[in-house]
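For the sequence shown, the positions run -26 to -1, 1 to 298 when mature numbering (1 follows the signal peptide of the UniProt record, and there is no 0) is used.
C-beta atoms are modelled at their ideal positions from N, C-alpha and C, and glycine is treated no differently.
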Amino acid sequence: MKKRFTSKLAISLIILLAMLAFYVVACVPPDAGTGPARGNLKLKTITVDRGTFSYREGGSRNGYPVVMIHGWPENSYCWDAVAGDLNPSLRIIAPDLRGLGDSERTLDQSLYQKVELAKDIVAIVDALGISDFYLVGHDWGGVVAQEVALALPERVKKLAILNIHIIVNLVNNLAARDIIYDAGAVPFWYQYFQQQPHLPEAMIPGNEDVWVSHFFGDRPVPQKSINEYIRAYSIADTPTTAASLYRTMAQDGQRWYELFLAGTTFNMPLLYVYGNLDTVVIPEYLVGIEAFFPSAQIVEIESAHFVQEEKPAEVAQALNAFFQ
């Protein structure tokens, strides 16, 4: 009787373990993994005098270069779907910003001022032997792209910006910000949170999946992309390095104020691709941007903030037309 009971118990345990194993596998998000996501762009690493950075590359090795800079909380993988629809004659280079993706996690907060991040991009471009190029940036990457364009006015031939303010459009930027403030400033909560000492470091580790997924909500962003951003955000010190983008906003603002006072403008044509359902970068931020470029066109796409993820084919179509 005892042997029969023991055998039944063993069988029950085996069945239970099998069920648990199935449950665990079933609950893993699709395409989740420990390594970087793969797609149209190949992940590479480069070491320059400013540090070690990862970047994704694709397209034609000898084609005209397009440098594409991601924002927060993404990394260079955000351009993968767009890359699949870009003109195949282009050479695509998409760096991971310092502190995000697979680039180094520098804890010196001053290096996250956007003018400093632009110096990283310039160092990468120089190390890759690129002379002139087209430049694309989304979110914080769009701000960094503008700083690169100001640093290399003769080398950046065309500039495309997605869902971020034009840094020298001060009067209209403040007016747009005040509209959000008057409505309670709720869309800015994540910025204020990350500016607080110690809070991101205390609350995000172990909860990266919840934290990152929250910002994509129910928008049509592929789960594979979100999993990639969760993976990269789980790298040690990322809550600090990512928050440094927001903890340096006061220094950024002072610099842009000085650029505005100096009458700074850009000398390359602009394409502004705007996901017009964005609740942070509201339409009022686009008012007056034409004044700062020799030519500017705005392409609106029915999308929220992460327009290159939600509507990659439409973004690629706009870029292809602009790059002709």
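Beta-bridge annotation (DSSP): K132 is paired with Y108.
For P69, same chain residues with a beta-carbon under 7 Å away, outside a window of 5 residues either side, are F27, Y29, I43, S50, I95 and I98 in chain order.
Note that the C-beta distance between N61 and V281 is not below 8 Å. T222 sits in coil when the DSSP states are folded into three classes, being neither helix nor strand.
Residue nearest to F296 within the set L219, L71, S269 and S187 is S269 (criterion: CA-CA distance).
Residues of the same chain with a CB within less than 7 Å of the CB of S218, apart from the 5 flanking positions on each side, are G73, Q83 and Y86 in chain order. DSSP, read as helix, strand or coil, puts V22 in strand. Here the C-alpha atom of H279 lies approximately 28 Å from the C-alpha atom of S63. In this structure, DSSP gives K198 a helical state, which the three-state scheme calls helix. Within the same chain, and ignoring the five residues on either side of A290 in sequence, the residues whose Cβ sits closer than 7 Å to its Cβ are V56, D59 and L60. Assigned with DSSP and collapsed to three states, A11 falls in coil, not helix or strand.
The shortest CA-to-CA distance from A176 to any of S199, G33, T212 and F240 is the one to T212. Boundaries of the alpha helix (DSSP H) harbouring Q169: W163 to Q169, taken from the DSSP string.
In the DSSP assignment, Q291 falls within the alpha helix (DSSP H) that extends over P286 to F297.
Judged by their CB atoms, V130 and M242 are nearer to each other than the 8 Å cut-off. Taking each of K93, Y259 and L244 in turn and checking the Cα distance to I154, the smallest one comes out for Y259.
G9 counts as exposed, since fewer than 16 other beta carbons sit within 10 angstroms of its beta carbon. The C-alpha of I20 is placed about 37 Å away from the C-alpha of A265. A Cβ-Cβ contact shorter than 8 Å links G111 with I135.
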